[in-house]
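Engineer: I have a structure I would like to understand better, so I am pasting it below and will then ask my questions one at a time.
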Amino acid sequence: MIFKKTVVAVLATLALGAGSAQAYSFSLGGLPTGQMLNPGSVTRTFSSAVADSAAELDFVLNGYRSLDGNNAYRDLFTLTINGNQIGTGSFNLGGGGTSNWTGSGTYVNSNPGTNVTWAGGTTTFSDVTFSLLAGVNTFVFGYSAPGVLNFGGQGLRDEAWGIQSASVTAVPEPETYAMLLAGLGLMGTIARRRNKINAV
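If you use my numbering, the sequence shown closes out at 243, no skipped numbers anywhere.
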């Protein structure tokens, strides 16, 4: 009896969720709080209970001192998720140059000019789309220094970078509900067999 009530409650929840396309938000934990060298990267894994082929990532990129945009000292940020390059960009975060981003979504750079200020800054990304897997997902945030005058990167006294925060928003796809229903069906079969055994 308890099992039947549970199934009815879950089915009602699924029906409501499918109708309203309820979104789920997850925060990527364990991001380093300190400044990181350029070149360098940070990798974080996240296990999701749902899949979404058009999930969205919001994050804030920190730049320190003289991180460059597009100029002779260009510094290049790259975002890779589940082995797929989602986007690349260069942003004037105190080092001068112009800013650009090849990925989806939008970004707002706190230091939009082209001058060298040595003041660092932040770039805030919104609605960067990617394919979220049901299971483990791997996020790689990285910086490289391809500028012709960068000589492979500069030390922390000159520039550094970091990820201030990152969060994922996803809407479960119909397959997720189908898998849950299949699981409930299996639970029902097991419950019926147990009842038959107990009755004997």
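Backbone N, C-alpha and C fix where the C-beta goes; we use that ideal spot for every residue, glycine too.
Note that the structure is a prediction, hence the values are computed from the model and not measured.
Could you tell me whether the Cβ atoms of residue 112 and residue 133 are closer together than 8 Å?
Structural biologist: Yes, these two residues count as a Cβ contact at 8 Å.
Engineer: Going by DSSP, which residues form a beta bridge with residue 95?
Structural biologist: Paired residue(s): 175.
Engineer: Which two residues bound the contiguous beta strand (DSSP E) that contains residue 80?
Structural biologist: Unbroken run through residue 80: none, as it is neither H nor E.
Engineer: Could you tell me which of 161, 169, 162, 158 sits nearest to residue 144, measuring between CA atoms?
Structural biologist: Out of 161, 169, 162, 158, 169 has the C-alpha closest to the C-alpha of residue 144.
Engineer: For the beta strand (DSSP E) that contains residue 116, what are its first and last residues?
Structural biologist: Careful: residue 116 lies outside any beta strand (DSSP E) and carries neither H nor E.
Engineer: Rounded to whole angstroms, what's the CA-CA distance from residue 211 to residue 156? Just pull it up for me.
Structural biologist: One C-alpha to the other measures close to 30 Å.
Engineer: Should residue 68 go down as buried or exposed, given a rule of 16 or more other Cβ atoms within 10 Å for buried?
Structural biologist: So residue 68 ends up on the exposed side.
Engineer: How many whole angstroms separate the CB atoms of residue 192 and residue 116, which I take to be in contact at a CB cut-off of 8 Å?
Structural biologist: The Cβ separation is near 5 Å, so the contact holds.
Engineer: What's the C-alpha gap between residue 164 and residue 175?
Structural biologist: In a straight line, the C-alpha of residue 164 is about 29 Å away from that of residue 175.
Engineer: Going by DSSP, what residue range makes up the beta strand (DSSP E) through residue 161?
Structural biologist: Segment: none, residue 161 is in no beta strand (DSSP E) and carries neither H nor E.
Engineer: Between which residues of its own chain and residue 107 is the CB-CB distance below 6 Å, once the five residues before and five after are set aside?
Structural biologist: Taken in chain order, the residues that qualify are 78, 163, 203.
Engineer: Hey, how far is the Cα of residue 201 from the Cα of residue 131?
Structural biologist: Whole-angstrom Cα-Cα distance: 22 Å.
Engineer: For residue 120 and residue 166, I'd like the C-alpha separation in whole angstroms.
Structural biologist: Going from the Cα of residue 120 to the Cα of residue 166 covers about 11 Å.
Engineer: Comparing C-alpha positions only, which one of 195, 135, 124, 98 sits nearest to residue 65?
Structural biologist: If we check each option's Cα against that of residue 65, 98 comes out closest.
Engineer: Does at least one heavy atom of the ligand GDP sit under 7 Å from the Cβ of residue 171?
Structural biologist: This structure lacks the ligand GDP, and indeed carries no ligand of any kind.
Engineer: How many Å lie between residue 102 and residue 110 at the Cα?
Structural biologist: Whole-angstrom Cα-Cα distance: 18 Å.
Engineer: Would you mind working out which of 217, 188, 126 sits nearest residue 182, comparing C-alpha positions?
Structural biologist: For the residues 217, 188, 126, the minimum Cα distance to residue 182 belongs to 126.
Engineer: Residue 127 lies in the beta strand (DSSP E); which residues open and close that run?
Structural biologist: Here the beta strand (DSSP E) through residue 127 covers 127 to 133.
Engineer: Where does residue 179 land, buried or exposed, given buried means 16+ other C-beta within 10 angstroms?
Structural biologist: Exposed, since its Cβ has fewer than 16 Cβ neighbours within 10 Å.
Engineer: In the DSSP assignment, the beta strand (DSSP E) including residue 202 goes from what residue to what residue?
Structural biologist: Segment 202 to 213, the beta strand (DSSP E) holding residue 202.
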